[in-house]
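To start, the structure itself, in C-alpha cells.
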Amino acid sequence: EAEVAQSPRYKITEKSQAVAFWCDPISGHATLYWYRQILGQGPELLVQFQDESVVDDSQLPKDRFSAERLKGVDSTLKIQPAELGDSAMYLCASSPSTYMNEQFFGPGTRLTVL
Amino acid sequence: GDSVTQMEGPVTLSEEAFLTINCTYTATGYPSLFWYVQYPGEGLQLLLKATKADDKGSNKGFEATYRKETTSFHLEKGSVQVSDSAVYFCALSPRPQGGSEKLVFGKGMKLTVNP
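So the protein sequences, as listed, match chains A and B. Going by my numbering, the letters in the first sequence line up with residues 13 to 126, in that order. Going by my numbering, the letters in the second sequence line up with residues 163 to 277, in that order.
Quick look at the structure:
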C-alpha cells in the first residue's frame, strides 16, 4: 500500500540552528500539505502545494520557515533559525487534486528544540 | 474563522462500552466533515467523512451524521475494542477559496480502552 514518507522521524536541535524536514508524497498525488501539530493540539496547516506552486502559505511564519517542492514531487520544509516554540510534530500529507478527496498523512517528524 | 470544537478527554472505557465523542463546528457555507484517528506511533488516518447535510459516514463500526441544524458531527461506536485505543480528531474542510482545501482540526481526544 502506498504511503507518504517523511524523514527524519525525530530531530533534536538547539535554538538558532537550522533544521530541514523531507516529505515524499504518494506517487501521482498533485497536492501536498505541511501541518504543524503542537502537543495536545490538532494539526494546523503551514503550507499547501499544488504541483510545484504554493496555494496557501498564509499561516507559514515566513521570517524563519520556508518550503519548496521544486519538481512537484517531494518537498522540503526548513526552519532557520529554530526557536523553542517550534518544538512540535511536523506532518506531511498528500491527496489527489480533486476537491473533498482524502488527505493521506505521513508518520510525521517530531522536532525538539533545546 | 472556521473552527472545530470537540471533547478533549482523555477518556478511558472498558471493552464493549458505548462511545460518543462530541464535535461541533463553525464554518461559512457548507463544509465537508471528517473524523481522523491517530494510533500510537502512526500518522493520521481517515476514519470516516460526510460531505453534505444528513449524510452518515461509517467505517469499522464507527458512525457520524452531518447535522447542519446543530452544526455537529458526533462520533459513535456501539461496542469499543482495545484496538480502538487512539487519538480521535474531528476536522472540517471549508469550501475551497482560491483552490485551498485545507483541513481545520479540533484538538483531539485520547481514548483508552481496557480489556
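Each residue gets a CB set at the ideal place from its N, CA and C atoms; glycine is no exception. In this text the structure is predicted, and so the values were computed from the model without any measurement.
For B:Y187, report the span of its beta strand (DSSP E) as first-last.
Start and end: 185-188.
How long is the line joining the alpha carbons of B:S247 and A:A105, rounded to whole angstroms?
For B:S247 and A:A105, the distance between alpha carbons rounds to 23 Å.
The ligand ADP and A:E114: does any heavy atom of the ligand fall closer than 7 Å to the residue's C-beta?
Judged by which ligands are present, the structure shown has none, so any question about the ligand ADP falls away.
Give a yes or no on whether the minimum CB-CB distance between A:G118 and chain B is below 8 Å.
In terms of beta-carbon proximity, A:G118 lines the interface with chain B, with at least one pair separated by less than 8 Å.
Enumerate in chain order the residues of its own chain whose CB-to-CB distance from A:R122 is below 6 Å, with the five nearest sequence positions on each side excluded.
These residues qualify, in order along the chain: Y22, M101.
CB B:V242 to CB B:M271, shorter than 8 Å?
Going by C-beta atoms, B:V242 is not nearer than 8 Å to B:M271.
Using three-state DSSP, classify B:V166 as helix, strand or coil.
Strand.
Rounded to whole angstroms, what's the CA-CA distance from B:S255 to B:N184? Just pull it up for me.
Taking the CA atoms as reference points, B:S255 sits about 18 Å from B:N184.
Quick one: residues in its chain with C-beta nearer than 8 Å to the C-beta of A:K83, no 5 flanking neighbours on either side, listed in chain order?
Closer than 8 Å at the Cβ level, and outside the excluded window around A:K83, lie E64.
So for A:S65, helix, strand or coil by DSSP?
In this structure, A:S65 counts as strand in the three-state DSSP scheme.
Note down, in chain order, every chain B residue with its Cβ under 9 Å from the Cβ of A:D36.
By Cβ distance, chain B contributes nothing, its closest Cβ being about 13 Å from A:D36, past 9 Å.
In whole angstroms, what separates the C-alpha of B:L273 from that of B:T174?
Approximately 6 Å between the Cα atoms of the pair.
When you compare only the Cα positions, how much space is there between B:G260 and B:G223?
Model confidence at B:G260 stands at a pLDDT of 49, short of 50, so the residue's coordinates are unreliable; what they give is reported in the following sentence. Near 36 Å, if we compare the C-alpha coordinates of B:G223 and B:G260.
Against B:G270, what residues of chain A qualify as contacts under a CB-to-CB distance less than 7 Å, listed in chain order?
Here the neighbours are G54.
Contact set between A:D63 and chain B, taken where Cβ atoms lie within less than 7 Å:
Per Cβ cutoff of 7 Å: no residues; A:D63 is ~11 Å from chain B at best.
Using beta carbons (cut-off 8 Å, strictly below), is B:G171 in contact with chain A?
B:G171 does not count as touching chain A.
If you run the structure through DSSP and keep just helix, strand and coil, what is B:G219?
Correct three-state label for B:G219: strand.
For B:V275, list the residues DSSP reports as bridge partners.
Under DSSP, B:V275 shares a beta bridge with B:L175.
Counting only runs that start and end within the segment 89-117 of chain A, where is the beta strand (DSSP E) found for 3 or more residues in a row?
Counting only unbroken stretches of 3 or more residues, the beta strand (DSSP E) elements lying wholly within the segment 89-117 of chain A are 100-107, in sequence order.
Three CB pairs or more closer than 8 Å across the segment 230-237 of chain B and the segment 177-196 of chain B:
In short, these stretches touch, since the Cβ pair count reaches three.
Contact with chain B by A:D98, beta-carbon distance below 8 Å
It does not: the Cβ of A:D98 has no partner Cβ on chain B nearer than 8 Å.
B:G260 by DSSP, collapsed to three states: which one?
In this prediction, B:G260 scores a pLDDT of 49, lower than 50, which makes its location untrustworthy; no coordinate-derived value is stated.
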